[in-house]
Amino acid sequence: MPLNRLLLKGPLLNGLPRRLTPRTLRGRLSLVALTTAALLMTVLTVVFNVAVERHLRHQADDELRNRAAAVATTVDTRGPRVRVVETAGDGLLDANVWIYAGPRLLEKPPSATADGALTRTAGRLAARGGTVCATARSPRLVRMCSRPVTGRTGSATVVTAVNLAPYRSSADTLLLGSLILDAVMLACTYGLTRLAVGRALRPVRDMTDQATQWSAVGSDERFGTAGQPAELARLGTSLDALLDRIRTLLRYERQLTGELSHELRTPLTRIVIELDWWRARPRTAAETRATHEVIDEAARSMRTICDTLLSDARESVRDLSAASGEATSGSTGIGSGTAPGRTTPGTTTPGTTAPGATAVAPALSRLVGALVAPEQVKAVVEVTDPELEAGVVPALLERIVSPLLANAGRYARSTITVSARPVPGGIRISVTDDGPGVPESFTGDLFRPGRRADPEDGHDGAGLGLPLARRLARSTGGEVSHDPSYTGGARFLADLPAG
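Read in order, the letters of the sequence shown correspond to residues 201 to 699 in our numbering.
Below, the structure is given as structure tokens:
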């Protein structure tokens with residue numbers, strides 16, 4: 201359970217209304233510390249004052265026994281009758297003293313009455329025999345103890361009393377002092393806890409602010425673990441992993457936006473051209489129907505592009521969300537045109553089920569027929585097996601091959617050849633042109649988004665088509681690559697699973 205929830209729902213805070221519960225972790229920790237200290241001090245205060253009260257009572261009992269022993273020396277039990285021997289300082293000994301011979305009261309304090317509460321309590325103690333003590337109220341608390349005096353011919357009982365007011369005053373003073381000390385200790389505990397927790401959480405607050413700032417702009421800065429305490433190092437590692445994933449998602453979002461713009465540009469251009477041509481002068485019904493068909497085809501193509509790319513994007517984001525927190529932009533391969541969680545170049549995931557099947561020859565023929573290229577450039581399709589099928593849906597096949605054809609249409613001098621043949625484990629589609637080819641110095645950046653060999657060559661490419669084709673091919677367990685051994689122009693290979 202997270203610490204924040206534990207502090208909110210823990211046993212120490214269960215009795216508090218939610219509106220009284222502090223909103224900050226610092227306040228909750230301080231409240232927990234204060235509550236714990238209050239409970240502990242309450243127990244210690246109760247135990248201390250009970251022990252003090254018992255100790256004072258024992259002191260009073262000891263004093264009473266000593267006085268009773270002193271008074272017992274004045275009681276003569278050797279004769280047939282018990283009598284009290286008068287001595288010097290007898291007034292001091294007679295204060296708060298009762299002497300009984302059996303049930304008969306021999307002597308009592310001058311201030312006590314024969315039927316008073318203290319005299320009745322003294323009589324009960326004398327009747328019980330032995331050394332016993334009791335507390336009486338008349339009207340203040342008085343402690344009374346009895347002591348038997350036994351002789352050869354008779355016995356007596358001496359009962360002494362002491363006012364507990366001084367002892368109670370000492371106990372009350374100690375209780376008040378302990379309460380004041382408890383209040384001071386609780387105030388110090390609360391203040392020191394807030395101060396300590398605030399200082400301990402300051403690095404966390406700073407890290408949170410930095411993470412918020414870095415995540416908004418996709419910064420490359422990270423916290424790291426060097427020189428951090430173990431807890432902050434773990435937090436920094438988690439935040440770094442989260443920032444890496446956010447940065448990956450931001451880069452992937454920008455790439456998806458660029459790919460959609462790149463792919464939708466051609467059908468949108470066709471729609472605009474057809475509308476401009478149709479508005480230029482009155483058209484016949486047949487020409488109008490032809491314009492409608494072109495616009496309809498372009499609109500359907502746009503919908504297919506959006507469905508294909510957005511579906512792939514959803515799968516990529518799902519894979520990225522399921523990936524471990526250690527995933528970074530370098531490991532996900534977004535920057536190099538690899539979708540997160542997809543297979544590595546040139547490999548097929550074992551047991552992968554093809555998402556659909558497409559007849560290769562008709563699909564390539566449609567793509568070549570829709571290719572926009574200079575008039576002197578001819579495109580031909582060569583398929584060795586008319587029944588050859590690819591294990592992908594038609595829309596995905598078109599999105600993989602279209603950028604290769606568009607790239608060839610830009611640079612070919614006279615001929616574009618599109619061929620397809622089976623290979624072990626799948627099929628291979630190759631797109632070859634007789635243009636200038638790919639500069640050797642640029643082959644390393646060929647599939648990086650936004651990179652072009654010569655941005656000033658007069659073509660309107662954005663450098664997104666080839667990375668998109670590779671990423672979509674890899675999403676099916678296939679691959680798109682450049683054949684560096686071909687020297688008569690450029691050749692690109694699309695390896696896809698067989699249908």
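Cβ coordinates follow ideal geometry from the N, Cα and C atoms, glycine included.
If you check the CB distance, alanine 371 and asparagine 249 come in under 8 Å. Going by DSSP, threonine 615 is part of the beta strand (DSSP E) stretching over 615-623. At a cut-off of 4 residues, the continuous stretches assigned as alpha helix (DSSP H) that sit fully inside the region 311-359 are 317-328. Listed as beta-bridge partners of lysine 578 by DSSP are Thr615. The DSSP-derived three-state label of glycine 424 is coil. DSSP places arginine 368 in the helix class (H, G or I) of the three-state scheme. Cβ-Cβ separation between leucine 664 and proline 649: approximately 6 Å, consistent with a contact (criterion under 8 Å). With contacts defined as CB atoms closer than 8 Å, valine 581 and alanine 561 qualify as a contacting pair. Contact fails between the region 263-272 and the region 401-415, because fewer than three Cβ pairs, one in each stretch, are under 8 Å apart. Setting aside the 5 residues that flank it on each side, lysine 308 is surrounded in the same chain by Trp298 and Thr319, each with a C-beta closer than 7 Å to its C-beta; the list follows chain order.
Shown here, valine 397 sits in a helix according to DSSP, grouped into three states. By the Cβ-count criterion, phenylalanine 692 is buried, with 16 or more other Cβ atoms from all chains shown falling within 10 Å of its own Cβ. DSSP, read as helix, strand or coil, puts arginine 402 in helix.
At a Cβ-Cβ threshold of 8 Å, valine 583 and serine 619 count as neighbours. With a cut-off of 8 Å on Cβ pairs, the region 320-336 is not in contact with the region 377-397, counting fewer than three such pairs. Contact annotation, glycine 424 with threonine 558: C-beta distance approximately 49 Å; criterion of less than 8 Å not satisfied. For valine 246, the enclosing alpha helix (DSSP H) starts and ends at 225-272. Rounded to the nearest whole angstrom, the C-alpha separation of alanine 326 and leucine 306 is 12 Å.
The three-state reading of DSSP puts serine 681 in strand, counting E and B together. For serine 630, DSSP records a beta bridge to Ser619 and Leu693.
Collapsing the DSSP output to three states places leucine 306 in a strand. Collapsing the DSSP output to three states places arginine 283 in a strand. Here leucine 264 is buried. Its C-beta has 16 or more other C-beta atoms within 10 Å. Annotation for glycine 635: Tyr611, Ala612, Arg613, Gly689 and Ala690 place their beta carbon closer than 7 Å to its own, counting only its chain and skipping 5 residues before and after.
Between the alpha carbons of aspartate 695 and proline 403 lies a gap of roughly 51 Å.
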